[in-house]
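Q:
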Amino acid sequence: MKHFRDDQLVFLLCTPRSGSSLTTVMLQNHEEVFAAQEMWYLLSLADLQLAPVRPYGGTGIIRQFYNGIISEDLFHRAARSFGVEIYEGLLNQNGARKIIDKSPRYYILLEFLDAVFPESQRIGLFRNPLSVAASYKKVNAYSGEPFSLIEDLKQPIPGMKIVDLTAGLFRYATYFKGESAYSYKLQYEELVRQPEQQLRKLCEFIGISYREGMEQYGNPVSEEKADLFYSMGAGDPFLLNHTQAHVQSIDAWKDQLSPDEMDAYCRVLGARIFHDLGYSEELEEAQRITGVRYELSPDEATMERIEQQFLKSSGYIWKPDYELSTSSILTGTQFAGAVDDLELEAVQVNQIRDHRQASIQIAQLETRVRLLENRLTKSYMEKNHVEKQLIQLRSKLNRIKSILPFGNRLSSWAQGYLSGREGKS
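This note's numbering puts the first residue of the sequence shown at 35, with every later residue one more than the last.
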């Protein structure tokens, strides 16, 4: 685990039906790269905090433990340790240097991803939204699953496919809006038009040398490796109909979607996202077919309904307009507290002889605050009693923090200084 580096981990981020299966199968056709057809691994890890109903009971206790006793920083560090064991284990097991985690619905946990693997590499794969909707229609007709773009957009409780096509798309578009050394944006259409050229650029970003012919996934670098990749039985059911990238699906949306379906979807998305993602020509064609000029802004009421219904049912919390963060997972909120003229009642400055002891006390108080906040949310009956305790604890916590020059987390400098002082005594 100690040898693992974040840049060995590559997240392929896009909504479903955007070309992630094709991108992954070409990238893994390289002796230094390991990938599974799908992982969804971090979703299961992040879900530990949600504490769904279990057959053996204890849901409330588990929820309090993960969201009260365990701090967010501690949970992120533990999740990272577990994640590193899995990712590094897969690298070692398969003799690879890079691992591709292709999990389209990671838009659900972008904040968690950034906190746990802040310096990982991220490929943002985008496709014409109308092509994505058409691909959903095609694959669901093939599998026999129900899907009606027009009717599903109207449902008060949206299914995950609609969440993908709306909230998921906007989450990824916002996330990759800025420039970052940890991200690379790729258009599906460019990948299938110029697979070798685009793969060379991807390999350069990932940090491996392009392997001649890796885009020809029908001619695998290793038959055993290819058999392992396909044995999972996930991903695009049409992938093996071809042996390399092709352009046949680029304009298929014009025939696969009816004018009414195009109209319903474009009204919800608005025109701006097409322009932002580089699909102005496709939008213009859709407007020609439907005879409608679409507003720049999305249908805010529909978008809000879809997002809030998903968050309510899933238990996740999203930061508004969340963009890629490159901050450290160990970064904590910094408090600047002044000691001058501060009246301490229960705790005096001269009583805090050791910063480490003060940090322990802060951690304990913060844990109690979280637990009481959880109880306050759950139980209205004890609302007044818990509120009083919270006020007292927060006051005590703030007084202690104000006398610590390094905020609510001990700095490594202070730890080193104290350790050195103890060694001399």
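For every residue, glycine included, the Cβ atom is placed at its ideal position computed from N, Cα and C.
As the structure is a prediction and not an experimental result, all values here were calculated from the model.
Please say whether residue 145 and residue 353 have beta carbons closer to each other than 8 Å?
A: Contact: yes.
Q: Taking the C-alpha atoms as reference points, what is the distance between residue 96 and residue 298?
A: Cα to Cα, the separation comes out at about 43 Å.
Q: Whose C-beta lies closer than 8 Å to the C-beta of residue 58 among residues of the same chain, with five residues either side of it excluded?
A: Hits under 8 Å: 46, 69, 71, 134, 136 and 269.
Q: What first and last residue would you give for the beta strand (DSSP E) that runs through residue 45?
A: Segment 43-47, the beta strand (DSSP E) holding residue 45.
Q: Answer yes or no: do residue 158 and residue 220 have a C-beta to C-beta separation smaller than 8 Å?
A: A contact, by the Cβ cut-off of 8 Å.
Q: Count the other C-beta atoms from every protein chain shown that fall within 10 angstroms of the C-beta of residue 215, then say buried if there are 16 or more, exposed otherwise.
A: Exposed, because fewer than 16 other Cβ atoms sit within 10 Å of the Cβ of residue 215.
Q: Quick check: what's the CA-CA separation for residue 236 versus residue 218?
A: Near 8 Å, if we compare the C-alpha coordinates of residue 218 and residue 236.
Q: Rounding to the nearest angstrom, what Cα-Cα distance links residue 188 and residue 336 in this structure?
A: If I take the Cα positions, the gap works out to 8 Å.
Q: With DSSP as the reference, identify every bridge partner of residue 160, one or two as the case may be.
A: Looking at the DSSP assignment, residue 160 forms a beta bridge with 221.
Q: Could you check if residue 117 is buried or exposed, using at least 16 other CB atoms within 10 Å of its CB as the buried criterion?
A: Buried, because 16 or more other Cβ atoms sit within 10 Å of the Cβ of residue 117.
Q: What's the gap between the Cα of residue 260 and the Cα of residue 74?
A: Each residue's Cα considered, the two are about 20 Å apart.
Q: Under three-state DSSP, which class holds residue 95?
A: Helix at residue 95.
Q: With 16 other CB atoms within 10 Å as the buried threshold, where does residue 147 fall?
A: Flag for residue 147 reads buried.
Q: Enumerated in chain order, which unbroken segments of the alpha helix (DSSP H) with a length of 4 residues or greater are wholly contained in the segment 98-134?
A: Those alpha helix (DSSP H) runs which fall completely within the segment 98-134 and span 4+ residues are 106-128.
Q: Residue 283: which of 161, 357, 425 and 311 sits nearest, CA to CA?
A: It is 161.
Q: Where DSSP assigns a beta bridge to residue 68, which residues make up the other side?
A: Partner(s): 133.
Q: Which same chain residues, not among the five before or five after residue 66, have their C-beta less than 7 Å away from its C-beta?
A: Only 130, 131, 132 and 242 meet the Cβ criterion.
Q: Would you decide whether residue 351 is buried or exposed? Buried here means 16 or more other CB atoms lie within 10 Å of its CB.
A: It counts as exposed.
Q: To which residues of the same chain is residue 93 closer than 8 Å at the C-beta, ignoring the five residues directly before and after it?
A: Contacts found: 85, 86 and 87.
Q: Considering only residues of the same chain and omitting the five flanking positions on each side of residue 276, which have a CB-CB separation below 7 Å?
A: Excluding sequence neighbours, residue 276 sits near nothing in its chain.
Q: Check whether the segment 162-180 and the segment 306-321 are in contact - that is, three or more C-beta pairs closer than 8 Å.
A: Cβ pair count under 8 Å is three or more, so yes.
Q: Taking the alpha-carbon of residue 339 as reference, which of 184, 305, 61 and 200 has the nearest alpha-carbon?
A: Cα-wise, what sits closest to residue 339 is 200.
Q: With DSSP as the reference, identify every bridge partner of residue 155, one or two as the case may be.
A: DSSP, once it has assigned bridges, lists 44 as partnering residue 155.
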